[in-house]
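This report refers to the structure that appears directly beneath it.
There are 2 protein chains.
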Amino acid sequence: MKSIRLAIDVDSGDFGTPVIIAGILEARLSGVAPFKALMCGNPQRIREAIHTLGAADQLGDFEIIGCSDMVSPGENRAVVWKKQRTTAIVTCIALQKDNRADVSISAGDTAILLSAALFILGRADGAVRPALAAFLPTVRKKPVLLLDVGANLNCRPEHLVSFARLGEHYAGRFLDLPDPAVGLLNIGKEAEKGTRTISEADAEIRRICRNYIGFVEGHDVLAGGADVVVCDGFSGNVLLKVCESFRHLVVAVLGDQVVSDSVFKQKLMVLDAETYGGVPFLGINGTVLKAHGGSSSHAIANAIRAAVTAVNRNAVGQSA
Amino acid sequence: MKSIRLAIDVDSGDFGTPVIIAGILEARLSGVAPFKALMCGNPQRIREAIHTLGAADQLGDFEIIGCSDMVSPGENRAVVWKKQRTTAIVTCIALQKDNRADVSISAGDTAILLSAALFILGRADGAVRPALAAFLPTVRKKPVLLLDVGANLNCRPEHLVSFARLGEHYAGRFLDLPDPAVGLLNIGKEAEKGTRTISEADAEIRRICRNYIGFVEGHDVLAGGADVVVCDGFSGNVLLKVCESFRHLVVAVLGDQVVSDSVFKQKLMVLDAETYGGVPFLGINGTVLKAHGGSSSHAIANAIRAAVTAVNRNAVGQSA
Chain A
1 MKSIRLAIDV
11 DSGDFGTPVI
21 IAGILEARLS
31 GVAPFKALMC
41 GNPQRIREAI
51 HTLGAADQLG
61 DFEIIGCSDM
71 VSPGENRAVV
81 WKKQRTTAIV
91 TCIALQKDNR
101 ADVSISAGDT
111 AILLSAALFI
121 LGRADGAVRP
131 ALAAFLPTVR
141 KKPVLLLDVG
151 ANLNCRPEHL
161 VSFARLGEHY
171 AGRFLDLPDP
181 AVGLLNIGKE
191 AEKGTRTISE
201 ADAEIRRICR
211 NYIGFVEGHD
221 VLAGGADVVV
231 CDGFSGNVLL
241 KVCESFRHLV
251 VAVLGDQVVS
261 DSVFKQKLMV
271 LDAETYGGVP
281 FLGINGTVLK
291 AHGGSSSHAI
301 ANAIRAAVTA
311 VNRNAVGQSA
Chain B
321 MKSIRLAIDV
331 DSGDFGTPVI
341 IAGILEARLS
351 GVAPFKALMC
361 GNPQRIREAI
371 HTLGAADQLG
381 DFEIIGCSDM
391 VSPGENRAVV
401 WKKQRTTAIV
411 TCIALQKDNR
421 ADVSISAGDT
431 AILLSAALFI
441 LGRADGAVRP
451 ALAAFLPTVR
461 KKPVLLLDVG
471 ANLNCRPEHL
481 VSFARLGEHY
491 AGRFLDLPDP
501 AVGLLNIGKE
511 AEKGTRTISE
521 ADAEIRRICR
531 NYIGFVEGHD
541 VLAGGADVVV
551 CDGFSGNVLL
561 KVCESFRHLV
571 VAVLGDQVVS
581 DSVFKQKLMV
591 LDAETYGGVP
601 FLGINGTVLK
611 AHGGSSSHAI
621 ANAIRAAVTA
631 VNRNAVGQSA
């Protein structure tokens with residue numbers, strides 16, 4: 001297995017450079033497939049963080065890609081990729097474009113990262129629009145891939161069809177499933193339920209997906225009958241975020257003293273967004289993952305694991 | 321406190337007449353405010369169920385409203401109210417129209433019930449479209465009212481504005497809050513996030529709601545900062561149903577043996593859709609609640625409690 005070249009934006013995230021670098025360290029120590037970290041960010045801060053973490057010897061193969069520029073506050077996020085090419089978030093993508101990296105991770109702004117990915121790397125053949133996809137836990141103890149989760153708020157049928165194709169490919173490769181079950185999110189199972197957009201998408205997805213299971217409702221998503229759930233980016237974003245908040249409700253309901261129990265804590269980890277570390281952008285010529293702004297080092301480590309797996313299994317390539 | 325006249329469709333629900341009547345019995349015994357049950361359904365089945373339950377003496381004040389007609393399979397659900405007026409579901413609404421009932425409950429088909437309510441009772445003044453509202457549990461141990469949850473899939477700004485007004489009134493009266501906090505569901509907090517529809521609705525809701533807290537995201541809904549969350553019926557339906565399914569995920573994650581523990585079982589009840597029994601229709605001239613098709617007798621009892629409270633607090637009246 002060749003070593004993956006990972007461009008990572010260490011200037012991003014709510015907790016700054018040391019947490020991102022601690023995540024790289026954790027990923028390395030957890031025995032993920034081999035990768036070389038191209039750390040994009042302020043060189044001074046990177047060196048300080050490595051020193052503070054006492055990590056120089058354990059970080060393995062890495063390179064510091066100096067990026068002194070920061071995203072200007074108030075800048076239109078859709079044009080940062082063009083106007084501020086030396087920011088860490090854009091540099092990661094540029095490294096991919098120059099074939100110096102196989103995959104990028106940033107915990108920075110989604111809109112900046114998405115536009116950089118789309119305009120620098122380009123749209124994959126056949127993908128009508130890029131989509132953000134996210135894994136959620138299910139009752140069957142296997143994840144479900146939900147897309148779109150926020151890139152496309154108003155969707156036409158052909159967008160939903162494109163998401164189905166992208167999701168089928170990604171889940172199939174990433175989860176190693178020969179025929180991932182694809183469902184279309186709707187408010188009921190009956191043919192007459194939903195909007196005209198959904199009904200038109202349903203007919204076409206039925207034609208192109210090998211294992212299309214039809215409409216799935218909100219309560220079906222976490223039941224795990226579908227491996228991929230297709231929806232517009234507004235509903236998907238709402239659904240993803242409410243699921244990410246479930247853990248807080250469980251803690252509130254069961255009481256702190258119960259949840260501080262280490263067995264429960266361990267079991268409830270599966271409800272934690274951090275476990276699924278990183279939202280892949282699909283429909284792009286390249287593998288790009290967005291980590292949560294509030295990522296801990298553990299979440300970054302999980303995003304790195306997901307990124308390395310996605311590249312090794314060619315989950316994004318020939319995706320549409 | 322005067323006795324509420326409750327028209328209840330005992331022909332509805334997945335488990336049939338005995339379960340609905342057992343729900344009436346449970347409500348009665350739980351010490352809810354006084355009500356008279358007008359049981360609409362097949363008289364033979366009603367008498368048999370009362371006999372089987374040994375409930376004749378405990379049912380208190382009730383009347384059997386004989387409805388022999390059943391909804392024809394394949395009938396267009398939007399016209400059942402006109403073509404099959406002697407079905408139990410339509411009879412309930414007709415009793416309200418004739419001022420023989422103060423409130424209706426049915427566990428039957430939502431579209432049939434909604435069109436009957438809308439066309440027989442009429443739309444409330446100022447309500448642009450009727451909406452379905454539902455309570456969800458929150459981290460703060462008080463419920464949040466979500467609307468619309470399925471009546472309006474494509475919403476214009478004026479629909480969302482109308483939902484805000486309806487929800488503010490209902491939550492204020494039902495939960496006895498002087499200034500319920502109203503939020504608008506979106507994919508981010510920043511002003512530029514979301515669709516044009518959401519942005520226009522935001523400006524107008526800000527003008528009319530006393531305690532408008534702006535955009536709320538998926539993860540804010542269960543956090544409990546808002547008492548009312550306004551959204552289109554597609555996202556709301558998905559959000560409601562995924563939250564209703566959440567209990568299954570917790571059981572799967574924590575393991576059966578843990579959840580069979582009675583303390584946990586009790587605590588997890590708050591996650592159960594049955595606890596909130598019944599979805600009120602808002603924007604209608606009258607109080608109508610839809611109970612889940614799969615309602616247990618306990619869920620029906622909770623729906624009755626909600627119906628009686630809604631009438632006693634005039635939660636629906638002058639709602640828009």
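Chains A and B supply the protein sequences, listed in that same order.
Just so we're aligned, residue 1 is where the first sequence starts under the numbering used here, counting upward by one.
Just so we're aligned, residue 321 is where the second sequence starts under the numbering used here, counting upward by one.
Think of the CB as a built atom: it goes at the ideal place given N, C-alpha and C, for glycine as much as any other residue.
{"Query": "Expected contact under 8 Å - CB spacing of Leu282/A and Ala55/A to nearest Å", "Result": "Incorrect: roughly 33 Å between the Cβ atoms, too far for contact."}
{"Query": "Cβ-Cβ distance between Ile93/A and Gly108/A below 9 Å", "Result": "no"}
{"Query": "Unbroken stretches of the beta strand (DSSP E), 3 residues or longer, contained in the segment 251–309 of chain A", "Result": "279–282 and 287–290"}
{"Query": "Amino acids of chain A, ordered along the chain, whose beta-carbon sits closer than 8 Å to that of Glu520/B", "Result": "None at all; the shortest Cβ gap to chain A is about 14 Å."}
{"Query": "Glu192/A, buried or exposed, once every other Cβ within 10 Å from all chains shown has been counted against 16", "Result": "exposed"}
{"Query": "Supposed close pair Ala226/A, Ile208/A - CB separation, criterion 8 Å", "Result": "With a Cβ gap of about 16 Å, Ala226/A and Ile208/A do not count as contacting."}
{"Query": "One or two residues paired with Cys40/A in a DSSP bridge", "Result": "Asp9/A and Ile65/A"}
{"Query": "Residues of its chain near Ile525/B, where Cβ-Cβ distance is below 8 Å and the 5 sequence neighbours each way are ignored", "Result": "Leu480, Val481, Ala484, Val502, Leu504, Tyr532 and Val550"}
{"Query": "Arg567/B beta carbon less than 9 Å from that of Asp540/B", "Result": "no"}
{"Query": "Euclidean distance between Cα positions of Ser319/A and Leu25/A", "Result": "For Ser319/A, the predicted model reports a pLDDT of 39, less than 50, meaning its position is unreliable and no value from the coordinates is stated."}
{"Query": "Straight-line Cα distance separating Cys563/B from Val459/B", "Result": "13 Å"}
{"Query": "Contacting positions in the segment 206–238 of chain A - beta carbon closer than 7 Å to chain B", "Result": "Glu217, Gly218, His219, Val221, Leu222, Ala223, Phe234, Ser235, Asn237 and Val238"}
{"Query": "Listed by chain order, chain A residues near Lys356/B by CB distance under 9 Å", "Result": "In chain order: nothing, as chain A lies at least about 34 Å away."}
{"Query": "Residues that Asn474/B contacts on chain A, provided the C-beta gap is smaller than 8 Å", "Result": "Thr195"}
{"Query": "Span of the beta strand (DSSP E), counted from its first residue to its last, around Phe535/B", "Result": "Tyr532 to Val536"}
{"Query": "Beta-carbon proximity of Glu508/B to Asp499/B, cut-off 9 Å", "Result": "Residue identity check: residue 508/B is Gly in the sequence provided, not Glu. The answer is no: Cβ separation not under 9 Å."}
{"Query": "Cβ shell of Asp377/B (< 7 Å), same chain only, five flanking positions each side left out", "Result": "none"}
{"Query": "Positions along the segment 490–514 of chain B whose CB lies within less than 8 Å of some CB in chain A", "Result": "Leu505, Ile507 and Gly514"}
{"Query": "Ile105/A, enclosing beta strand (DSSP E) - first and last residue", "Result": "Val103 to Ser106"}
{"Query": "Gly74/A and Leu147/A closer than 9 Å at C-beta", "Result": "no"}
{"Query": "Short CB-CB distance (under 9 Å) between Ser245/A and chain B", "Result": "yes"}
{"Query": "Lys561/B: contacting residues in chain A (beta-carbon distance under 7 Å)", "Result": "Glu217, Gly218 and His219"}
{"Query": "Candidates Pro338/B, Leu609/B, Glu368/B and His489/B: closest to Ala447/B by CA position", "Result": "His489/B"}
{"Query": "Cβ shell of Asp69/A (< 6 Å), same chain only, five flanking positions each side left out", "Result": "Gln84, Thr86 and Thr87"}
{"Query": "According to DSSP, residues forming a beta bridge with Val229/A", "Result": "Leu146/A and Gly183/A"}
{"Query": "Beta-carbon spacing of Val308/A, Leu6/A below 9 Å", "Result": "yes"}
{"Query": "Three-way DSSP call (helix, strand, coil) for Phe15/A in this model", "Result": "coil"}
{"Query": "Inter-residue Cα distance where the pair is Ala252/A and Lys2/A", "Result": "46 Å"}
{"Query": "Check whether Gly648/B and Gly614/B have beta carbons under 9 Å apart", "Result": "A query on residue 648/B cannot be resolved here, the shown segment of chain B reaching from 321 to 640 and no further."}
{"Query": "Assigned secondary structure, Leu415/B (DSSP; H/G/I helix, E/B strand, else coil)", "Result": "helix"}
{"Query": "Distance CB(Ser426/B)-CB(Leu415/B) smaller than 9 Å", "Result": "no"}
{"Query": "Amino acids of chain B, ordered along the chain, whose beta-carbon sits closer than 9 Å to that of Gly150/A", "Result": "Ile507 and Gly508"}
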